[in-house]
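Student:
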Amino acid sequence: MPSLGLGNIKSYFLLSIFAEQHIVPLLVLAETTVYGKVGGEVDLRPDARSVTNTIKSVLWKAGPDIAMEWEGMEIVSHRHFKGRCYLNTSTGVMTITQLTPNDSGVYTPEINDVLSTPINLIIISAVPVPTVLTSCDEEMTRCTLTCDGQTTEAEEVTYRWKSDDTIVMDAIKKEYVIVKVLLTRCDTCDLENVVSSESSQPISNPFNTGDSPHVFNGLTYEHQLKSHLLFTAPEEPLKVSTGLTVFISLLAAVLLLGIFHRLKAGEDSGHFQC
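Residue numbering for the sequence shown follows our numbering, beginning at 59 and increasing consecutively.
1) Under 8 Å: do the region 192-207 and the region 231-239 share three or more Cβ pairs, one atom per stretch?
2) Would you report the Cα separation of Leu84 and Phe265, rounded to the nearest angstrom?
3) To which residues of the same chain is Asn111 closer than 7 Å at the C-beta, ignoring the five residues directly before and after it?
4) Within 8 Å, do at least three Cβ pairs link the region 94-108 to the region 144-161?
5) Please classify Ile333: does DSSP put it in a helix, a strand, or coil?
6) Mind reading off the beta-carbon distance from Ala88 to Thr175? Whole number of angstroms is fine, and I expect it under 8 Å.
7) Hey, how far is the Cα of Asp306 from the Cα of Leu313?
8) Check whether the region 145-156 and the region 207-224 are in contact - that is, three or more C-beta pairs closer than 8 Å.
9) With DSSP collapsed to three states, give me the class of Ala125.
10) Residues in its own chain within less than 8 Å of Gly356 by CB, not counting five upstream and five downstream?
11) Beta-carbon within less than 7 Å of Thr199's beta-carbon, same chain only, minus the 5 sequence neighbours each way: which residues are those?
12) In chain order, what residues of the same chain have a beta carbon less than 7 Å from the beta carbon of Cys244, not counting five sequence neighbours either side?
13) Enumerate in chain order the residues of its own chain whose CB-to-CB distance from Gly98 is below 6 Å, with the five nearest sequence positions on each side excluded.
14) Give the secondary structure of Ser285 by DSSP, where H, G and I count as helix, E and B as strand, and everything else as coil.
15) Would you mind giving the Cβ-Cβ distance between Val215 and Val185, rounded to the nearest angstrom? I have them listed as a contact below 8 Å.
16) Identify, in the order they occur along the chain, each residue of the same chain with its Cβ nearer than 6 Å to the Cβ of Glu256, setting aside the five sequence neighbours on each side.
17) Which residues mark the beginning and the end of the beta strand (DSSP E) in which Asp195 is found?
18) Give every residue of the same chain whose Cβ lies closer than 7 Å to the Cβ of Val252, excluding the five residues on either side of it in the sequence, and list them in chain order.
19) Do Val172 and Leu102 have their C-beta atoms closer together than 8 Å?
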């Protein structure tokens, strides 16, 4: 343990006075929180305000115990930190690898014998790749999609749903209810926490059948029907107008033929009388 200079003795004396005046909780609130992923690694960085001069000594504590220390010569790791921790003597950053939940705790750095801001390290598991479970009512008018995955050691997790690769803004829970009028092609669940994120495989909309029309995200059945009618409407007037034109043409031809015959008969009759 480094010896205390006069300045540090004064600091500890002031801290003792603060403790008697119940100001210690303010020091706890000054902690910073850092998250790490099980099996991954994390960098613990001293507060930049505590590194004002060339670093000559570094000491990191995990709780009350020393984790790593350096005083200008050899870097020493203690206990379960041996072989999986690294210290940057230029910045004071301590890197912990092969993280486990047991590494969670409060780490306090001392740079050049000056205490720095404590760091609360929280180790959590990565989220799993979720799967989407489907449950529908008997009438097949309403289905509940459930984003399923073991998240016990990965909390807190965030859910996000996508329909045809478009984020559903109000769907942020584990369950997502769809109804028959929302005929999207497929739905996907995204699961994430502060250290990881994963997406499920797309699941086909249970309301879609082989004879369902091609639809797009957010297009309701009524809109599909209107679009279909607008698309096919010109065909019917075309058929009616074509038939009417043919009928009128034939009628005109018959009338003209009749008139021609009557005129011809009149000419023949006049010629006979002459």
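All residues carry an ideal CB built from backbone N, CA and C; glycine is no exception.
Tutor: Working from what's here:
1) Yes, they touch.
2) For this step, residue 84 is matched to residue 26 along the sequence shown. For this step, residue 265 is matched to residue 207 along the sequence shown. Model confidence at Leu84 stands at a pLDDT of 36, short of 50, so the residue's coordinates are unreliable; what they give is reported in the following sentence. Going by C-alpha positions, Leu84 is about 57 Å away from Phe265.
3) Looking up residue 111 in the sequence shown gives position 53. Hits under 7 Å: Asn170.
4) With a cut-off of 8 Å, the region 94-108 and the region 144-161 count as touching, because enough Cβ pairs lie within range.
5) This structure does not reach residue 333, given that the chain is present from 59 up to 332, and the question cannot be answered.
6) Your numbering for residue 88 matches position 30 in the sequence shown. Your numbering for residue 175 matches position 117 in the sequence shown. With 8 Å as the limit, Ala88 and Thr175 qualify as a contact, their Cβ atoms being about 6 Å apart.
7) Sequence index remark: in the sequence shown, residue 306 carries index 248 (1-based). Sequence index remark: in the sequence shown, residue 313 carries index 255 (1-based). Position check: residue 306 holds Ile in this sequence, whereas Asp was assumed. Roughly 10 Å separates the two Cα atoms.
8) Contact between the region 145-156 and the region 207-224 is absent, because fewer than three Cβ pairs lie under 8 Å.
9) Counting from one through the sequence shown, the residue named residue 125 turns up at place 67. Residue state, collapsed to three classes: strand.
10) Absent from the structure is residue 356, since the part of the chain shown begins at 59 and ends at 332.
11) As a working mapping, residue 199 is identified with position 141 in the sequence shown. Counting only residues of its own chain and dropping the five nearest sequence neighbours on each side, Thr199 has a CB closer than 7 Å to the CB of Val237 and Lys238.
12) The residue given as residue 244 occupies position 186 in the sequence shown. The beta carbon of Cys244 sits closer than 7 Å to those of Asp222, Pro260, Ile261, Ser262 and Asn263, all from its chain and outside the five residues before and after it, given in chain order.
13) The residue you call residue 98 lines up with position 40 of the sequence shown. Correct list, in chain order: Leu157.
14) As a first step, residue 285 is located in the sequence shown; it is residue number 227 there, counting from the start. In this predicted model, Ser285 has a pLDDT of only 36, less than 50, meaning its place in the structure is not dependable; the value taken from the coordinates is given anyway. Residue state, collapsed to three classes: helix.
15) Sequence index remark: in the sequence shown, residue 215 carries index 157 (1-based). Sequence index remark: in the sequence shown, residue 185 carries index 127 (1-based). Indeed they touch by this definition, with Cβ atoms about 6 Å apart.
16) If you number the sequence shown from 1, residue 256 lands on position 198. Apart from sequence neighbours up to five positions away, the residues of its chain that approach Glu256 with a beta-carbon distance below 6 Å are Val185, Val187 and Leu249, ordered along the chain.
17) Residue mapping note: residue 195 aligns to position 137 of the sequence shown, counting from 1. For Asp195, no beta strand (DSSP E) segment is defined, and its DSSP state is neither H nor E.
18) Locating residue 252 in the sequence shown gives position 194, counting from the first residue. Closer than 7 Å at Cβ, skipping near neighbours: Tyr93.
19) For the purposes of this step, residue 172 is taken as residue 114 along the sequence shown, with counting starting at 1. For the purposes of this step, residue 102 is taken as residue 44 along the sequence shown, with counting starting at 1. No, they are not a contact pair.
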